[in-house]
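Notes to accompany the following structure.
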Amino acid sequence: LSVLSCLLAYLLPYKRGDFGDFVEPSQLHTSLLSLAESQTKLPCHYQAQEGQKVVQVSWYKELPDGSKDQIITAHFKEGHTEFGRYSGRVRFESSSPTDNSALLIPNTEDSDEGSYTCHISTFPYGNFERHIQLTVWTLPISSLEPVDLVEGQSFRIAATCRAVGRPVPRLSWDTDLPGQSQNRTSEGGSVSSYYSLHPLRSMNGKKLDCLVWHPGLAEPRRISNRLVVQYPPDATISSRSGDWYVGLQKAELLCDSGGYPKPQNITWTWKGGALPDGVSVVGGKLVFERPVRMNDSGAYECFVKNNVGVDKTEYMLRIAETSPRKGGFFEDNLLAIIIGAAAAALVVALVIIILLVNHYHRHRNKKLEMELSEKKSLISCHVFQDSGLPSSLVPLKAQQDDGVGPREPDLGHPSEGDSPRVEDWTPALSGEGGQEDDDSSNSYQISEALNNHFYYSNGLLRPKPHSNAILLQPRTQVV
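Note that our numbering has the sequence shown beginning at 24, numbered continuously upward.
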């Protein structure tokens, strides 16, 4: 009792911070997850304070009965020691275990799952511990076993998917096939899934994938699979040679077998017996190595067989004496002729359209020129009519000066030899005999006025001299 009292008296003055502390893990109890067949690190790092020394480090594993199994120990002077079944399987991460006491398990096993204790012995402050609960997961090991089915069989298993892991995986199917799945779980973390259906030939080759789900996987693992449904062949004979006639070269008959698996055994007969001479079988083809003859006609049979069943079909070959295509160049090239004729018609139509448009524009330009000429004539007539002179009295020079008025060189007396001619002032009728009377009267009055006050000389109208007349010199205007 006295010794215990002395020890308590020695320790009580110190606070917790004076004893040092764990850097890792910071909590007294922690949990850790690891995968089987991978390296596992159990952290344990104690930071001693000044005046404190780590003397020894020990790792223990708690057994199901509550006892502890010593794994490894490191002494600051005597080195480290491994114990029992852990010898060679574990080691300290650091070469100085009293500084960093983390424990490494290079190849983790399922049996390593459990509770571990890191025990630190210090001087002079005693012992300190950390507890770690280790959980070990096993990534699933999976497989798929397909079953070859035959068309016509009853409802049965088409594929089996199995997986084992910790924790127990989950299985599902990715398919568009109509069917049912059934899952079963057994001891040891094993699970199986069965997919059953009624086999049909249309299901052959369709997707039937197994998906494996596990918390240790970032995404489900896919096991790809294609359903196999075997069915008997379905033979058909076809001809790629078109019409058969005497003399046809390289003629062939093709036997399409179908079925799954593909038949490897194909047999040909002619009229129930041997094939004609010069005819051979190449794969699924019946090849005529010579020109076709009239006596090659008749019934040809094709027999096909696979490991599921047998089938046969018959083809009645009829041969014409002559080729229906012979001399029929027009028929053989009918499409080309039609296309060529259509193209030619299109070109002709385009040429006609271009000519019509060109003719229209030329006719229109000519018409516009004529209208313009007529308008110029009308404008000229209107100008002289507005001046009050009949068109018959318009001087010739005035009509030819292109809009430039006559210059009056002399407004004096008429020159010698120039005498007014009364007959030259006879006004020309501006209309036909049916013109109205008032137009005739106006023309007469204008003619009388011109005869009284003007005379005609050298193609020009000149005013007669008059004592009371006032003459105005007109400006030359350019129209």
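Just so you know, even glycine gets a beta-carbon here, dropped at the ideal spot from N, CA and C.
Expressed to the nearest angstrom, what Euclidean distance is found between the alpha-carbon atoms of residue i and residue j?
i, j, result
"L378", "A368", "15 Å"
"A181", "S195", "14 Å"
"A365", "V374", "14 Å"
"R153", "D122", "15 Å"
"Q203", "S216", "10 Å"
"A359", "Y268", "25 Å"
"E168", "R245", "14 Å"
"K398", "I362", "54 Å"
"I260", "N329", "17 Å"
"N474", "S480", "13 Å"
"A264", "E275", "It is worth fixing the name first, because residue 264 is Ser in this sequence and not Ala. Straight-line Cα distance between these residues: approximately 6 Å."
"P192", "P243", "10 Å"
"F45", "Y109", "25 Å"
"E116", "S209", "39 Å"
"Q287", "R207", "41 Å"
"Y148", "G107", "30 Å"
"S54", "E85", "15 Å"
"L419", "R387", "Per-residue confidence for L419 stands at a pLDDT of 43, beneath the threshold of 50, marking its modelled position as unreliable; the derived number appears in the next sentence. So the alpha carbons of these two residues sit roughly 34 Å apart."
"G281", "A258", "7 Å"
"R114", "D232", "44 Å"
"D300", "L357", "38 Å"
"L401", "K389", "19 Å"
"R385", "E392", "11 Å"
"V370", "V380", "16 Å"
"H103", "S90", "22 Å"
"K478", "L395", "Note that residue 478 is Tyr in the sequence shown, not Lys. Distance between the alpha carbons of Y478 and L395: 36 Å."
Short check: CB of residue i to CB of residue j, under 9 Å?
i, j, result
"V304", "I289", "yes"
"A125", "E60", "no"
"P284", "D334", "no"
"L519", "Y139", "Examination of residue 519 is not possible in this model, given that the chain is present from 24 through 502 alone."
"Y254", "G137", "no"
"G306", "D279", "no"
"L200", "L250", "yes"
"S247", "K229", "no"
Closest to residue i by C-alpha separation, out of the options, would be which residue?
i, options, result
"Y323", "V331, G332, S177 and Y338", "Y338"
"L319", "K308, T336, I342 and F326", "Position check: residue 319 holds Asp in this sequence, whereas Leu was assumed. Comparing Cα-Cα distances from D319 to each of K308, T336, I342 and F326, the minimum goes to I342."
"W82", "Q93, Q75, V370 and Q72", "Q93"
"D539", "P286, L58, Y383 and S346", "Since the displayed the chain opens at 24 and closes at 502, residue 539 lies outside it and no answer follows."
"S57", "G211, H386 and T131", "T131"
"G212", "Y218, V187 and D232", "V187"
"L51", "L277, F151 and H386", "F151"
"F326", "A372, W291, I155 and E392", "W291"
"D135", "A97, P87 and E101", "P87"
Below 7 Å CB to CB, which residues in the same chain sit around residue i once its five sequence neighbours on both sides are set aside?
i, result
"H476", "P486 and K487"
"P129", "Q62"
"G321", "W293, K294 and L340"
"L31", "At L31 the pLDDT is 36, less than 50, meaning the model places this residue with poor confidence; the figure from the coordinates comes in the next sentence. Excluding positions up to five away in sequence, the list is empty."
"K64", "E116, A125 and L127"
Using C-beta distances below 6 Å, list every residue in its chain close to residue i, excluding the 5 sequence neighbours before and after it, in chain order.
i, result
"R185", "S166 and S215"
"P66", "E47, P48 and A125"
"E105", "I95"
"N227", "V252 and Y283"
"E344", "V269"
"Y218", "A181, A182, W196, G202 and S204"
"I155", "T53, L55, L65 and Y139"
"Y33", "With a pLDDT of 40 at Y33, under the threshold of 50, the modelled position of that residue is not reliable, and no figure is offered here."
Given residue i, which residues of its chain have a CB within under 8 Å of its CB, disregarding the five upstream and five downstream residues?
i, result
"D133", "A59, V159, T161 and R189"
"F99", "K76, V77, V78, Q79 and T121"
"G111", "E105"
"F178", "S219, L220 and H221"
"T336", "A258, T259, I260, C278, E324 and C325"
Would a check of beta-carbon distances place residue i closer than 9 Å to chain C?
i, result
"S216", "Any reference to chain C falls outside this structure, which holds one protein chain only."
### Query
Is the segment 226 to 238 close to the segment 156 to 165, with three or more CB pairs under 8 Å?
yes
### Message
Is it the case that the segment 166 to 182 contacts the segment 218 to 233, given that we only count it when at least three CB pairs across the two stretches are under 8 Å?
### Response
yes
### Query
So does the segment 57 to 77 actually touch the segment 140 to 153, counting three or more Cβ pairs closer than 8 Å?
yes
### Query
Per the contact definition of three or more C-beta pairs closer than 8 Å, is the segment 308 to 319 in contact with the segment 260 to 274?
yes
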